[in-house]
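Residue numbers (the UniProt record's numbering), protein chains in the order written: chain A, 1 to 304; chain H, 1 to 304; chain L, 1 to 304; chain F, 1 to 304. Just so it is clear, CB atoms sit at the ideal spot from N, CA and C, and this is done for glycine as well. All values reported here derive from a predicted model rather than from experimental measurement. Scroll down for the structure; my scribbles are underneath it.
Protein chains: 4
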Amino acid sequence: MTDGSNIGRRSLIAGGVAAVAGTGLAAQASASTLPPNELKGYSLPLSAKGEANIVGAPPWNYVGDLVGVEFWTTPEAAQAALPAGLTPDPTTSGHGYALFIDWQFTTGDRQDYLDPVRSQYSEFLVLLDARFQTTNVAWCPFIWVDNDASLARGWFQGFPKKIGQVHQTRAYAVGSKAAPVLGAGGTFAGTLSAAGRRLAEGQVTLANTIPNLPALSRPIVNLRHFPRLKAGQYDNPAVHELTLSILDGVQLGTTWAGTSKLQFFPAPGEELADLRIMRTGQGFRSTLSYSVSDLRILTGPDAG
Amino acid sequence: MTDGSNIGRRSLIAGGVAAVAGTGLAAQASASTLPPNELKGYSLPLSAKGEANIVGAPPWNYVGDLVGVEFWTTPEAAQAALPAGLTPDPTTSGHGYALFIDWQFTTGDRQDYLDPVRSQYSEFLVLLDARFQTTNVAWCPFIWVDNDASLARGWFQGFPKKIGQVHQTRAYAVGSKAAPVLGAGGTFAGTLSAAGRRLAEGQVTLANTIPNLPALSRPIVNLRHFPRLKAGQYDNPAVHELTLSILDGVQLGTTWAGTSKLQFFPAPGEELADLRIMRTGQGFRSTLSYSVSDLRILTGPDAG
Amino acid sequence: MTDGSNIGRRSLIAGGVAAVAGTGLAAQASASTLPPNELKGYSLPLSAKGEANIVGAPPWNYVGDLVGVEFWTTPEAAQAALPAGLTPDPTTSGHGYALFIDWQFTTGDRQDYLDPVRSQYSEFLVLLDARFQTTNVAWCPFIWVDNDASLARGWFQGFPKKIGQVHQTRAYAVGSKAAPVLGAGGTFAGTLSAAGRRLAEGQVTLANTIPNLPALSRPIVNLRHFPRLKAGQYDNPAVHELTLSILDGVQLGTTWAGTSKLQFFPAPGEELADLRIMRTGQGFRSTLSYSVSDLRILTGPDAG
Amino acid sequence: MTDGSNIGRRSLIAGGVAAVAGTGLAAQASASTLPPNELKGYSLPLSAKGEANIVGAPPWNYVGDLVGVEFWTTPEAAQAALPAGLTPDPTTSGHGYALFIDWQFTTGDRQDYLDPVRSQYSEFLVLLDARFQTTNVAWCPFIWVDNDASLARGWFQGFPKKIGQVHQTRAYAVGSKAAPVLGAGGTFAGTLSAAGRRLAEGQVTLANTIPNLPALSRPIVNLRHFPRLKAGQYDNPAVHELTLSILDGVQLGTTWAGTSKLQFFPAPGEELADLRIMRTGQGFRSTLSYSVSDLRILTGPDAG
């Protein structure tokens, strides 16, 4: 077991966050397959100027406040949530994290944060311990965001994003009964709803600072998947490949940890609650930033 | 010029709506490429039960009320909005439609309409006259919906959907100052916003019934496009193919037509207003239903 | 017991809907108490032109599609939900209705429906049988809407509106698997959420038409209540009076009735689920329109 | 001219924020006017347990991040926006502030921030310099929030709140291209939309810290106004009184100031853009907290 070291790390910050990166390959210049005179843009809609696409080409820069809960579901439930190609980590069976994050993002050097209605979003995701071959990884079975550009970026990485409503308790720079202390004794909550139904809620009560962000100790594996609609081809997706997220320049703020609570609730069209919470572990609250401009493909024709 | 007849029509209803279909091929059973023990589902997230995916496998059934405006932009603007592989229709240069539709949908035989918060959405789209080889088609440069399942279904067909807020005037079964007459003299409006900015508004004042739905006289061509995130591969999309929508079992309600107004407004990250409205033509209001279970691929390795 | 006849009816339509009205009093011209040079408008914000107010002066015209469920809670729960001044109706103890309505509205003769984002809203409300003195009335303990103008109009009438998300199954003018038949066998649902939590859901399966709209057989009594914020005066509201809704020109479309289901769900800050559903009765689906331009005050200094 | 000193101040924090308070009066115990056996609660809906009301009784505690822009409209526009009882401040004619605030609130000692979907909201408001008799005050002509409880609390104080969508750039505790520096050179934006139309946008670029929050140097005067719906009484509101906001325990975080931009945009049903921006002054960004449990009534029967 190599704990990701054979995958390579682009950055390993003092806080201990594992930012996983490609194996030192320079990005190869590839001949574009786009036809001559094609419309411009990275994603749909391609257009005359290339400004209308839901997401422009990377790099994508992110910064967010995070409320996280470590949890254990049953080994059976965790295993049932893994895709082909991943296996349970026998040493941490059923172990995972639930994360609520309030993000702000920008593409490249643009000051997208000056149109905050377009550049802010909130996210909830689950990570489950798993193994790819002999490497410890984290698998993201479910994730919700409240922004379509984020949904698109997620799909391009393999994050299986759906639209949901995510909220987390905020800390402020002055004291108030209306906010917890960002320090020992402060309690922060996160909540997720979709289609008007509460799907998840978590709480953390802070006790002490810690040097690492627990949830990012393993590289994240996703499944890029884009189906075919051609009759008879529904089970023959156009894209179907395990991927490894690459986070550049990860920075971590002061990370507080303590106790935690977590609940998942059943709803039509959702399987989150099948990850039955057996117990929770550490709760934590931090701020992190990173950039994304690459993705490693682990399986399929593009693997390497 | 064949006006679509070489593409084939699965249904051609009395109202004259052209529902375009595959050329009589039975759906071929294809060997699945999914790995053994793969998670279940048609789209992301794949999951243990296959119930969590944002969209289940077709057939997808739709019914909607539609407010539409015929318009002309400049030939230059229309041409600039066409993808490689499509050319302007020289006989109708700059001609198109703006459509506001309040949809209800269901997958297969499920009564999804009993959870209306998940099965209703509103849509705005633009169609521009174009040609694929010698066939008259309609190209959809821009489309917005307010529902993530609809966004996903759109992407799988090539519709370049983004999230927006779409509203249209409703007709009711009793008289009221609060609603227009669904008949001569009644005026209906449609509006589109995204990110809190008004992007489009249209109005139609009804005068008489017509036998056809003008906007569906040509088959719709889209661009299925799913980019790569691998460094150096941003211009080498994993999927990039022109597609032809196939609408099964189209039914059309009474269609009223009359005069119209239309405005597009500029906004950051949008190019809709580059389709400058030179004049409008017929306005119309109808109800239509159809199903989708197939897609014809016009270009690329899957074409045929 | 007079069943409202001593209150007076302004209209009594063929469908049997009781539109309750003032007792023939001409509206008295009253000296305005507004100071000279006051800003203009009916409601906040008063402004230079009088166009910015959240709601302009009546008449307010409404038209809506309605899905309703007759239910019985316990007599105790129903009684506990009544304000001072109302008593249980001993003959129908615990009886009430849950209504989901998709509204379109306009003020006066304006064509507000041409800006549908501002003139449409959805509503859920509960009505409980009660008596005011010897008159049979319906009391509205809880009501949610998704529009601030509607919230304001509600408060001015005494409807205790909060913001919620309300959806109902729609019928369409053409057949589709995506919509129920508006007729025998068709099933329609309504749902309510607030703050991302499902609060109520109901279903009706239509069997036959009926001449009346069951839920409007009694005049609606509300509590107009506007608190003071002055310290020591929190329990001394500035306005606190029972009111009787007056609906002018009620029109009712074809009304279908059949069987029904209904559930209320508990949530923080809500007491809806304390109205425990013991059983349901008739379910119904209709369309109705009316106008509001007056209110009868039953108690307090303005009574009469 | 007394600059508020005859009104009294409950707190005057080091930062120079003027928290205006009642003149040392103990809150008088007042006999409640509520009928015996009345339902419980401070605001609608009154209910059996008193937990369902949209807003519980004060104290209400607030903490928020604020982006503000000082501006000048024309003296004529400012004067036209003043209610009867207020006069222009001849020394600062046309001067005002536009404020974007991301709030978190709680009632009393409850940890409402643990259900953040209910306890967070964003706000945009305008303040205009004015005089009440000889006292310098700030008048709030227009204000939008995205939360119904906040709307209700606003109305009880006289703030003329409507529902809008308000966003502001966020600062984070770690560096990122996705966020401005909270310090010299950092640029923050705020935006307001309602009904899908952009109504206002502002920007501030920080240069240096300042000791005071400019926008709170004058006590805020509002108009509590609750109309009658009785025919003939539309111009005879049940409540119509100028009020003076009382902010307890104001705390101010580090306040940065610099240059600014501001734009108001016209829209149907809005008069904000009639406050034509002639020029802007100081831009600022801060964090503040306070509590509200009292209100001074300046005019009408409850004045004193």
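Cβ of residue 28 of chain F within 8 Å of any chain L Cβ:
Within the fourth sequence, numbered from 1, the residue matching residue 28 of chain F stands at position 28. Caution applies to residue 28 of chain F, whose pLDDT of 39 falls short of 50 and renders its modelled position unreliable; the value that the coordinates give is listed next. At least one chain L Cβ lies under 8 Å of residue 28 of chain F.
How about the region 143 to 155 of chain H and the region 108 to 126 of chain H: do they share at least three Cβ pairs that are nearer than 8 Å?
yes
With DSSP collapsed to three states, give me the class of residue 76 of chain H.
Along the second sequence, one-based indexing puts residue 76 of chain H at 76. Residue state, collapsed to three classes: helix.
To which residues of the same chain is residue 298 of chain L closer than 8 Å at the C-beta, ignoring the five residues directly before and after it?
Within the third sequence, residue 298 of chain L is the residue found at index 298, counting from 1. Taken in chain order, the residues that qualify are 85, 132, 221, 241, 242, 243 and 244.
Verify the CB distance criterion: does residue 197 of chain A have a CB-CB separation below 8 Å to chain L?
If you number the first sequence from 1, residue 197 of chain A lands on position 197. Chain L, which has a Cβ nearer than 8 Å to the Cβ of residue 197 of chain A, makes this yes.
Pair every Cβ in the region 62 to 78 of chain A with every Cβ in the region 271 to 288 of chain A, then say whether three or more of these pairs are closer than 8 Å.
These segments touch.
DSSP three-state label for residue 294 of chain L, please.
Position 294 of the third sequence, counted from the start, is the residue given in the question as residue 294 of chain L. Residue state, collapsed to three classes: coil.
Please tell me whether residue 158 of chain F and residue 218 of chain F are closer than 8 Å, where the distance is taken between their beta carbons.
Reading the fourth sequence from its first residue, position 158 is the one you call residue 158 of chain F. Reading the fourth sequence from its first residue, position 218 is the one you call residue 218 of chain F. Going by C-beta atoms, residue 158 of chain F is not nearer than 8 Å to residue 218 of chain F.
For residue 117 of chain A, three-class secondary structure by DSSP:
Translated into positions along the first sequence, residue 117 of chain A becomes position 117. Residue state, collapsed to three classes: helix.
Go ahead and pull the three-state DSSP assignment for residue 343 of chain H.
Residue 343 of chain H lies beyond the range of chain H shown here (1 to 304); nothing can be said about it.
Looking at chain A, which residues of the region 160 to 175 of chain L have a Cβ within less than 7 Å of any of its Cβ atoms?
165
Reducing DSSP to helix, strand and coil, say where residue 82 of chain A ends up.
Here the question's residue 82 of chain A lines up with position 82 in the first sequence. Residue 82 of chain A carries a coil assignment under DSSP once its states are collapsed to helix, strand and coil.
Could you say which of A:304, A:275, A:293 and A:237 lies nearest to residue 95 of chain A if we only look at CA atoms?
The residue labelled residue 95 of chain A in the question sits at position 95 within the first sequence. For the residues A:304, A:275, A:293 and A:237, the minimum Cα distance to residue 95 of chain A belongs to A:275.
Helix, strand or coil for residue 91 of chain L? Go by DSSP, reduced to three states.
Taking the third sequence and counting its residues from 1, the one referred to as residue 91 of chain L is at position 91. Of the three classes helix, strand and coil, the one that applies to residue 91 of chain L here is helix, per DSSP.
Is the distance from the Cβ of residue 169 of chain H to the Cβ of residue 213 of chain H below 8 Å?
The residue given as residue 169 of chain H occupies position 169 in the second sequence. The residue given as residue 213 of chain H occupies position 213 in the second sequence. Cβ atoms of residue 169 of chain H and residue 213 of chain H: not closer than 8 Å.
Beta strand (DSSP E) containing residue 177 of chain L: first to last residue?
Stepping through the third sequence from its first residue, residue 177 of chain L is reached at position 177. Careful: residue 177 of chain L lies outside any beta strand (DSSP E) and carries neither H nor E.
In three-state DSSP terms, what is residue 302 of chain L?
One-based indexing of the third sequence puts residue 302 of chain L at position 302. Three-state result, residue 302 of chain L: coil.
Mark residue 202 of chain H as exposed unless 16 or more other C-beta atoms lie within 10 angstroms of its C-beta, in which case mark it buried.
Numbered from its first residue, the second sequence carries residue 202 of chain H at position 202. Burial call: buried.
Distance between residue 228 of chain F and residue 34 of chain L (C-alpha atoms, nearest Å):
In the third sequence, counting from the first residue as 1, residue 34 of chain L sits at position 34. In the fourth sequence, counting from the first residue as 1, residue 228 of chain F sits at position 228. Whole-angstrom Cα-Cα distance: 12 Å.
Nearest chain H C-beta to residue 297 of chain A closer than 8 Å, yes or no?
Taking the first sequence and counting its residues from 1, the one referred to as residue 297 of chain A is at position 297. Interface with chain H (8 Å Cβ-Cβ cutoff): residue 297 of chain A is included.
Would you identify the three-state DSSP class for residue 109 of chain H, choosing helix, strand or coil?
The count along the second sequence starts at 1 and reaches residue 109 of chain H at position 109. The answer is coil: DSSP assigns residue 109 of chain H none of H, G, I, E or B.
Under a three-way DSSP split, which group does residue 129 of chain A fall into?
Numbered from 1 along the first sequence, position 129 holds the residue referred to as residue 129 of chain A. Residue state, collapsed to three classes: strand.
Residue 165 of chain A and residue 117 of chain F - do their beta-carbons sit closer together than 8 Å?
In the fourth sequence, residue 117 of chain F corresponds to position 117, counting from 1. In the first sequence, residue 165 of chain A corresponds to position 165, counting from 1. Their beta carbons are under 8 Å apart, which means residue 117 of chain F touches residue 165 of chain A by this criterion.
Report the three-state DSSP secondary structure of residue 233 of chain L (helix, strand or coil).
Position 233 of the third sequence, counted from the start, is the residue given in the question as residue 233 of chain L. Of the three classes helix, strand and coil, the one that applies to residue 233 of chain L here is coil, per DSSP.
Residues sharing a beta bridge with residue 161 of chain L, DSSP
Working through the third sequence from its first residue, we reach residue 161 of chain L at position 161. Answer is L:143, bridged to residue 161 of chain L.
Listed by chain order, chain A residues near residue 46 of chain H by CB distance under 8 Å
In the second sequence, the residue the question calls residue 46 of chain H occupies position 46. Going along chain A in sequence order, the residues near residue 46 of chain H (Cβ under 8 Å) are 83, 160, 223 and 225.
Touch check for the region 50 to 57 of chain H and the region 265 to 279 of chain A: three-plus C-beta pairs under 8 Å?
yes
Proximal residues, the region 244 to 260 of chain A versus chain F, C-beta separation under 8 Å:
251, 252, 253 and 254
Taking C-beta to C-beta, are residue 278 of chain H and residue 72 of chain H nearer than 8 Å?
Counting from 1 along the second sequence, the entry for residue 278 of chain H is found at position 278. Counting from 1 along the second sequence, the entry for residue 72 of chain H is found at position 72. Closer than 8 Å, so yes.
Within a Cβ cutoff of 7 Å, which residues of the same chain sit near residue 179 of chain H, ignoring the five residues on either side of it in sequence?
One-based indexing of the second sequence puts residue 179 of chain H at position 179. Once the five neighbours on either side are set aside, the close Cβ partners of residue 179 of chain H are 170, 171 and 172.
Going along the chain, which residues of its own chain have a beta-carbon closer than 6 Å to the beta-carbon of residue 266 of chain F, five neighbours each way excluded?
Within the fourth sequence, numbered from 1, the residue matching residue 266 of chain F stands at position 266. Taken in chain order, the residues that qualify are 273.
Nearest-angstrom Cα separation, counted from residue 268 of chain F out to residue 190 of chain H
What you label residue 190 of chain H is simply residue 190 of the second sequence in a count that begins at 1. What you label residue 268 of chain F is simply residue 268 of the fourth sequence in a count that begins at 1. The straight-line gap from Cα to Cα measures roughly 16 Å.
Taking the beta carbon of residue 185 of chain H as the centre, do at least 16 other beta carbons fall within 10 Å, making it buried, or is it exposed?
Here residue 185 of chain H refers to the residue found at position 185 when the second sequence is read from its first residue. Classification for residue 185 of chain H: exposed.
Answer yes or no: does any C-beta atom of chain L fall closer than 8 Å to that of residue 191 of chain A?
Mapped onto the first sequence, residue 191 of chain A falls at position 191. Yes, its Cβ sits closer than 8 Å to a Cβ of chain L.
In its own chain, which residues sit with a C-beta less than 7 Å from the C-beta of residue 45 of chain F, not counting the 5 before and 5 after it?
Walking along the fourth sequence from the start, residue 45 of chain F turns up at place 45. Correct list, in chain order: 52 and 53.
Would you call residue 162 of chain F buried or exposed, if buried means 16 or more other Cβ atoms sit within 10 Å of its Cβ?
Stepping through the fourth sequence from its first residue, residue 162 of chain F is reached at position 162. Its Cβ being crowded by 16 or more others within 10 Å, residue 162 of chain F is buried.
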